[in-house]
Amino acid sequence: MADSNVGAASGAYGIEGGGRRSGRAATVAAAGVLAMATLAVGCGPQDPGADALRQPSARATTAPPAPSPTDDGRGATGGATHVPAATTPPASPSAPPPPTEPVTTPPPTPSSPAPSTAPTPRVLLRAGSEGAQVRELQARLRQIGHFGRTPTGYYGTVTAEAVRSFQVKRGTEATGSTDAVTWRKLLAMTRTPTADELDPPTERPVAKPDKRCLTGRVLCISKESRTLAWMIDGRVVSAMDVRFGSEYTPTREGEFPVYWKSRDHVSTLYDTPMPYALFFSGGQAVHYSADFAANGYGGASHGCVNVRDKAKVAALFDQVKNGDKVVIYW
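Residue numbers (the numbering used here): 650 to 979.
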């Protein structure tokens, strides 16, 4: 539109009286082009602040300059003379300024407290941590009723929730991670755990062994008590908590030989780690389960016998030999 308007203005005002350019027509054409340029510049979003800066603070106080001999007024040639429009005279410089209201200073407001510069407590243990200090943490939490299971040495969701419960009750930030402040509070409220508290045999009493477990080297596994007893000639060498498969992937019952040991095994079917795996029937094995350590009996295996105490199953892995018996019974 801007280009077509400029062309229309040239056609309407550019030629006058058989090719003679009129001075008035040239001025009008220039004014039209200027107007179109102004429209082209001003068609975008407006900036009120910029407009305010462009507006004069008062009307002009001096008369416009006299027309030159070449402008459209032709004052020097005796023709029509341009008469400027009347302007409002400026206010008298000696007139007093308008009255203003007294300026009052608002009362000072109390400043906001400075942000705390106390350092964040150092985190000692968090979800995923493993080892003796995690086992001690769990045993101490169990002493004061915040951890209802036997220590496993694995910091999973159950341990994180127990820590969070302790932090809420003691008025510290409930992160679920054990920082230096939380650890100091826990040490002050508990005693050093005993060996049985740190490493209890099982959560439930070990079941009476099946008669097949009384001779030889046997992994004697009870579904009723959910325990595994490593037995040699009828004597219990070690015991640990275990869990089994669900009703859709049940753990087989019966007597089997250990036929393959795989220390760092990863399931090719489920793409999950199976550390310290002792295979006894097809793809079923006794092995450590981080999920069991973290979530307890809330879950199930895909048919394997899960152990949640990593230290115990690691020691078991080193002692068991291919050909040793596995007995699974109710």
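By construction, the Cβ of each residue, glycine as well, lies at the ideal position given by its N, Cα and C atoms.
query = residue 736: buried (16+ other C-beta within 10 angstroms of its C-beta) or exposed?
reply = Locating residue 736 in the sequence shown gives position 87, where the first residue counts as 1. Summary for residue 736: the model assigns pLDDT 45, below 50, so the residue's position carries little reliability; its value from the coordinates is reported in the next sentence. With fewer than 16 neighbouring CB atoms inside 10 Å of its own CB, residue 736 falls in the exposed class.
request  = Return helix, strand or coil for residue 776, following the three-state DSSP convention.
outcome  = As a first step, residue 776 is located in the sequence shown; it is residue number 127 there, counting from the start. Coil, per DSSP.
request  = Given a cut-off of 8 Å, decide if residue 923 and residue 934 are closer than it, judged by their beta-carbon atoms.
outcome  = What you label residue 934 is simply residue 285 of the sequence shown in a count that begins at 1. What you label residue 923 is simply residue 274 of the sequence shown in a count that begins at 1. Taking the C-beta atoms as reference points, residue 923 is found nearer than 8 Å to residue 934.
request  = Return yes when the Cβ of residue 811 is within less than 8 Å of the Cβ of residue 847, no when it is not.
outcome  = Locating residue 847 in the sequence shown gives position 198, where the first residue counts as 1. Locating residue 811 in the sequence shown gives position 162, where the first residue counts as 1. In terms of Cβ geometry, residue 847 and residue 811 do not form a close pair [threshold 8 Å].
ask   = Among 910, 960, 956, which residue has its Cα nearest to the Cα of residue 972?
value = The residue you call residue 972 lines up with position 323 of the sequence shown. Comparing Cα positions, the closest option is 910.
Secondary structure, alpha helix (DSSP H): runs of 4+ residues fully inside the segment 792 to 851 = The segment 792 to 851 contains these whole alpha helix (DSSP H) runs: 806 to 819, 829 to 838, 844 to 847.
inquiry  = For residue 929, report the span of its alpha helix (DSSP H) as first-last.
reply    = Taking the first residue of the sequence shown as 1, we reach residue 929 at position 280. Judged by DSSP secondary structure, residue 929 falls outside any alpha helix (DSSP H) and instead within the beta strand (DSSP E) spanning 922 to 930.
query = Does the Cβ-Cβ distance between residue 878 and residue 906 come in under 8 Å?
reply = On the sequence shown, position 229 is the one that residue 878 refers to. On the sequence shown, position 257 is the one that residue 906 refers to. Going by C-beta atoms, residue 878 is not nearer than 8 Å to residue 906.
Chain-order list of residues whose beta-carbon lies under 6 Å from that of residue 889 (same chain, five-residue window excluded) = For the purposes of this step, residue 889 is identified with residue 240 of the sequence shown, where counting begins at 1. Cβ neighbours of residue 889 beyond the five flanking positions: 877, 956, 958, 961.
Pick from 866, 875, 792 that is closest to residue 904, judged by C-alpha positions = Locating residue 904 in the sequence shown gives position 255, where the first residue counts as 1. Checked all of 866, 875, 792; the closest Cα to residue 904 is 866.
request  = Tell me whether residue 672 sits in a helix, a strand or coil according to DSSP, three-state version.
outcome  = Numbered from its first residue, the sequence shown carries residue 672 at position 23. Low confidence applies to residue 672: its pLDDT is 46, below 50, so where it sits in the model is not reliable enough to give any reading.
inquiry  = To the nearest angstrom, how far is the alpha carbon of residue 931 from that of residue 915?
reply    = Position 282 of the sequence shown, counted from the start, is the residue given in the question as residue 931. Position 266 of the sequence shown, counted from the start, is the residue given in the question as residue 915. So the alpha carbons of these two residues sit roughly 15 Å apart.
ask   = For the putative contact between residue 772 and residue 814, defined by C-beta atoms under 8 Å, what is the C-beta separation to the nearest angstrom?
value = Position 123 of the sequence shown, counted from the first residue, corresponds to residue 772. Position 165 of the sequence shown, counted from the first residue, corresponds to residue 814. Contact flag wrong, Cβ pair sits at about 18 Å.
ask   = By a C-beta neighbour count over all protein chains shown, 10 Å radius and 16 as the cutoff for buried, is residue 808 buried or exposed?
value = Reading the sequence shown from its first residue, position 159 is the one you call residue 808. Buried.
request  = Could you tell me which residues DSSP pairs with residue 876 in its beta bridges?
outcome  = The sequence position of residue 876 within the sequence shown is 227, counting from 1. Paired residues: 871, 890.
query = How long is the line joining the alpha carbons of residue 822 and residue 806, rounded to whole angstroms?
reply = The residue you call residue 822 lines up with position 173 of the sequence shown. The residue you call residue 806 lines up with position 157 of the sequence shown. Rounded to whole angstroms, residue 822 and residue 806 show a C-alpha spacing of 17 Å.
query = DSSP on residue 944, reduced to helix/strand/coil?
reply = The count along the sequence shown starts at 1 and reaches residue 944 at position 295. In the three-state reduction of the DSSP assignment, residue 944 falls in the helix class.
message = Looking only at its chain, what residues have a beta carbon closer than 6 Å to the beta carbon of residue 778, apart from the 5 residues adjacent to it on each side?
response = Sequence index remark: in the sequence shown, residue 778 carries index 129 (1-based). Excluding positions up to five away in sequence, the list reads 804.
task = Please classify residue 934: does DSSP put it in a helix, a strand, or coil?
result = The residue given as residue 934 occupies position 285 in the sequence shown. DSSP, reduced to helix, strand and coil, places residue 934 within a strand of the structure shown.
message = Considering Cα atoms alone, identify which of 833, 908, 936, 880 is closest to residue 951.
response = If you number the sequence shown from 1, residue 951 lands on position 302. Checked all of 833, 908, 936, 880; the closest Cα to residue 951 is 936.
task = Please state whether DSSP places residue 967 in a helix, a strand or coil.
result = Position 318 of the sequence shown, counting from 1, holds the residue named residue 967. Correct three-state label for residue 967: helix.
query = residue 857 bridges to which residues according to DSSP?
reply = Taking the first residue of the sequence shown as position 1, residue 857 is located at position 208. Bridge partners of residue 857: none, in fact.
request  = Look up residue 866 in the DSSP assignment and say whether it is helix, strand or coil.
outcome  = Residue 866 sits at position 217 when you count from the first residue of the sequence shown. Residue 866: strand per DSSP, three-state reduction.
message = Which residues does DSSP list as the beta-bridge partners of residue 784?
response = Here the question's residue 784 lines up with position 135 in the sequence shown. Its beta-bridge partners do not exist; DSSP assigns none.
ask   = Can you tell which of 834, 978, 953 has its C-alpha closest to the C-alpha of residue 918?
value = As a position in the sequence shown, residue 918 is number 269, starting the count at 1. Looking at the Cα atoms, 953 is the closest of the given residues.
request  = Could you have a look at residue 884 and say whether DSSP puts it in helix, strand or coil?
outcome  = Here residue 884 refers to the residue found at position 235 of the sequence shown. Here residue 884 sits in strand by DSSP.
task = List the residues that DSSP assigns as beta-bridge partners of residue 906.
result = If you number the sequence shown from 1, residue 906 lands on position 257. BP columns for residue 906 point to 974.
ask   = In chain order, what residues of the same chain have a beta carbon less than 6 Å from the beta carbon of residue 784, not counting five sequence neighbours either side?
value = Taking the first residue of the sequence shown as position 1, residue 784 is located at position 135. Contacts found: 800, 802, 847.
request  = Would you kindly check if the distance between the Cβ of residue 798 and the Cβ of residue 873 is under 8 Å?
outcome  = Walking along the sequence shown from the start, residue 873 turns up at place 224. Walking along the sequence shown from the start, residue 798 turns up at place 149. Pairing residue 873 with residue 798 gives a Cβ-Cβ distance that is not under 8 Å.
Option in 886, 830, 880, 835 with minimal Cα separation from residue 793 = Residue mapping note: residue 793 aligns to position 144 of the sequence shown, counting from 1. The residue with the shortest Cα to Cα distance from residue 793 is 835.
key: Member of 929, 816, 968, 840 whose CA lies at the smallest distance from the CA of residue 831   = Here residue 831 refers to the residue found at position 182 when the sequence shown is read from its first residue. Of the candidates 929, 816, 968, 840, the residue whose Cα lies closest to the Cα of residue 831 is 816.
key: Close Cβ partners of residue 963 (< 6 Å) along its chain, the five nearest in sequence each way excluded   = Along the sequence shown, read from residue 1 onward, the residue named residue 963 stands at position 314. 925.
ask   = Is the beta carbon of residue 892 sitting closer than 8 Å to the one on residue 966?
value = Sequence index remark: in the sequence shown, residue 892 carries index 243 (1-based). Sequence index remark: in the sequence shown, residue 966 carries index 317 (1-based). Between residue 892 and residue 966, the C-beta gap is not smaller than 8 Å, which leaves the two residues out of contact.
ask   = Going by beta carbon distance, what residues of the same chain come within less than 6 Å of residue 871, once the five residues before and after it are set aside?
value = For the purposes of this step, residue 871 is taken as the residue at position 222 of the sequence shown. Beyond the five residues adjoining it in sequence on each side, residue 871 comes within less than 6 Å, by CB distance, of 856 in the same chain, given in chain order.
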